[in-house]
Amino acid sequence: MSKYRIGLGVTGGIAAYKAIEVMRLLQKAGCDVSVAMTRHATEFIQPLTFRALTDKYVIVDDYDPENPDPIAHVNFSQEIDLLLVVPATANIIAKFANGIADDFLSSTYLASTAPVLIAPAMNTTMWEQPATQRNIEQLKTDGVRFVEPVAGELACKTVGTGKLEDVENIVRQALAMLDSTFQIPGSETRENLEPGTWNNKDLIGEHFLITVGGTREAIDPVRFISNHSSGKMGFAVAEAARKRGAEVTIVRGSTTANPPEGIRVIDAVSARAMFDAVMAELGKATVFVGAAAVADYAPAHAASTKIKKDGIETMTLELKKTPDILSEVSKRRKDGQLVIGFAAETNDVVTYAKIKMGKKGLDLVVANDITKQGAGFNTDTNIATVISRLGETELPLMSKREMADKILDEVLKLRKK
Ligand code: PMT
Numbered sequence: 124m125s126k127y128r129i130g131l132g133v134t135g136g137i138a139a140y141k142a143i144e145v146m147r148l149l150q151k152a153g154c155d156v157s158v159a160m161t162r163h164a165t166e167f168i169q170p171l172t173f174r175a176l177t178d179k180y181v182i183v184d185d186y187d188p189e190n191p192d193p194i195a196h197v198n199f200s201q202e203i204d205l206l207l208v209v210p211a212t213a214n215i216i217a218k219f220a221n222g223i224a225d226d227f228l229s230s231t232y233l234a235s236t237a238p239v240l241i242a243p244a245m246n247t248t249m250w251e252q253p254a255t256q257r258n259i260e261q262l263k264t265d266g267v268r269f270v271e272p273v274a275g276e277l278a279c280k281t282v283g284t285g286k287l288e289d290v291e292n293i294v295r296q297a298l299a300m301l302d303s304t305f306q307i308p309g310s311e312t313r314e315n316l317e318p319g320t321w322n323n324k325d326l327i328g329e330h331f332l333i334t335v336g337g338t339r340e341a342i343d344p345v346r347f348i349s350n351h352s353s354g355k356m357g358f359a360v361a362e363a364a365r366k367r368g369a370e371v372t373i374v375r376g377s378t379t380a381n382p383p384e385g386i387r388v389i390d391a392v393s394a395r396a397m398f399d400a401v402m403a404e405l406g407k408a409t410v411f412v413g414a415a416a417v418a419d420y421a422p423a424h425a426a427s428t429k430i431k432k433d434g435i436e437t438m439t440l441e442l443k444k445t446p447d448i449l450s451e452v453s454k455r456r457k458d459g460q461l462v463i464g465f466a467a468e469t470n471d472v473v474t475y476a477k478i479k480m481g482k483k484g485l486d487l488v489v490a491n492d493i494t495k496q497g498a499g500f501n502t503d504t505n506i507a508t509v510i511s512r513l514g515e516t517e518l519p520l521m522s523k524r525e526m527a528d529k530i531l532d533e534v535l536k537l538r539k540k
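In case it helps, the working numbering puts the sequence shown at residues 124 to 540.
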């Protein structure tokens, strides 16, 4: 007998074909998969494909005379250990969130007591609609888990968030919900891998919210105050966390480097905008990383038109303190949330970093001496000391990508404590 029974819901989106790969991987892991499709899903892929591969009738409409089970939504829903929906459209999410049961899949959701995992895929505008986000929040409150879509080129030829997450990652998260030791055969177990190796998924279940880059504080519509941050360090942490199985959201300030593929990016170029974006996303995060070089001061009054220089020899800019994102995150911290900061220093690096750690209530701080060659702003390498509640670790000159994994190893140690 198979170890777990999965109800795989498939809805009408271009990514419907990827549900076949999800089903195959689940079967490979020893699961018994039963498929339910919405009517629109059958416009993209035939029920016969799933029927041939599962050897089971695929229910689209439980009133269909060919359906062998007259009360299928009740039987189906009570015979599964997990309901997994891949891909999930905005429409099915809306139905689940509002208790609408006007087709087989939505009736199954209502009739089931099994845990539910949803992997949405849709156009960016639909994903970002307040209605869709409201429905998702409602479902999360109801206990539903999500594998959030990633950024990339979408079928509609636009670039943005809405692309289905990598199918292997979806399956891993589904299996982890059933049993944390359950693996896809051929994929390594956590125990036999060194931390940080490419396919070590030791951060599954974590959601990283990471600020990246510098900020720009407007003086007038053409001028701003900023710093040299390229975004390389923050993007490296984002890429490493995602490779290790975490969900990742980046809040990007001004950067010269490109974000890693497939990660959700929210643009917020000023300290105030970054503060607002972080607070809006914080509820989902299990780990917050402040890798951004946020301006400590911004012009108190940005001019609405270009400031003219005629007849003006000297000028005084009045600056006002920006909100401290990291301190506020730390204040609002909920149970289990880890708060990680960076400190860019020029002298007494560890001493100042420890003071910041205490003042801002951090679990861990990465202190970099930006005067050292190969460290700090806009380099591909870094040199740092990681100071955590558990102790200090010196990280000699290495690539920012390697350093990202070392930092995550320290985060993981804190998580296991
Ligand atoms: O982007 P790169 O070119 O790769 O460079 C990487 C880096 C040097 C920018 C990065 O490694 C780094 O050190 N980032 C933090 C730089 C910084 O602003 O340090 P700070 O000591 O001023 O701030 C301490 C911490 O408070 C930081 O985590 C910062 O994000 C946070 N902060 C600061 C001010 C503020 N208003 N809000 C904040 O959240």
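Positions of the beta carbon are idealized from the N, C-alpha and C atoms, including for glycine.
Proximity below 9 Å, CB of residue i to CB of residue j
i: A498; j: L520; result: yes
i: T134; j: L228; result: yes
i: A297; j: P210; result: no
i: T409; j: G328; result: yes
i: E364; j: F331; result: The displayed chain sequence assigns Ala, not Glu, to residue 364. Contact flag set, yes.
i: I168; j: Y186; result: no
i: S377; j: V388; result: no
i: K179; j: S157; result: yes
i: I203; j: A254; result: no
i: V267; j: L149; result: no
i: A359; j: R524; result: yes
i: A394; j: A361; result: no
i: A220; j: G136; result: no
i: M438; j: I448; result: no
i: T212; j: T247; result: no
i: V183; j: P193; result: no
i: E271; j: E370; result: yes
i: N501; j: T379; result: yes
i: L442; j: A426; result: no
i: T161; j: I143; result: no
i: L405; j: V452; result: yes
i: V401; j: T338; result: no
i: H163; j: N214; result: yes
i: H196; j: A242; result: no
i: G484; j: R456; result: yes
Nearest-angstrom Cβ-Cβ length linking residue i and residue j, presumed shorter than 8 Å
i: G434; j: R375; result: Between R375 and G434 the Cβ distance is about 39 Å, and since that is not below 8 Å, they are no contact.
i: R367; j: D325; result: 6 Å
i: L207; j: I129; result: 6 Å
i: L240; j: L205; result: 6 Å
i: G385; j: A476; result: With a Cβ gap of about 32 Å, G385 and A476 do not count as contacting.
i: T231; j: A278; result: Not quite, the Cβ-Cβ distance comes to about 27 Å (not below 8 Å), so this is no contact.
i: M526; j: L537; result: Between L537 and M526 the Cβ distance is about 17 Å, and since that is not below 8 Å, they are no contact.
i: V181; j: V290; result: Not a contact, Cβ separation roughly 19 Å.
i: T494; j: T516; result: T494 to T516, Cβ: 21 Å. No contact.
i: S522; j: D492; result: That belief does not hold up - the Cβ atoms of S522 and D492 are roughly 17 Å apart, past 8 Å.
What are the start and end residues of each continuous alpha helix (DSSP H) run of 4 or more residues lying completely inside the segment 465-530, in chain order?
472-483
Entirely enclosed alpha helix (DSSP H) segments - the segment 130-202, minimum 4 residues
141-151, 164-167, 170-177, 195-201
My parser needs the beta strand (DSSP E) runs of 3 or more residues fully inside the segment 399-457; what are they?
410-413, 420-422, 442-444
Pairing CB atoms from the segment 502-515 with CB atoms from the segment 334-346, are three or more of them under 8 Å?
Between the segment 502-515 and the segment 334-346, the count of C-beta pairs closer than 8 Å stays below three; the two stretches do not touch.
Using 8 Å as the Cβ pair cut-off and three pairs as the minimum, do the segment 415-423 and the segment 348-363 touch?
yes
Beta strand (DSSP E) runs wholly inside the segment 245-281, at least 3 long, in chain order:
273-276
Should the segment 449-466 be regarded as contacting the segment 477-489, the criterion being three or more beta carbon pairs within less than 8 Å?
yes
Report yes or no: do three or more beta-carbon pairs, one from the segment 254-264 and one from the segment 278-289, lie closer than 8 Å?
no
Hey, which unbroken runs of the beta strand (DSSP E) at 3 residues or more fall wholly within the segment 337-410?
340-343, 346-348, 370-375, 387-390
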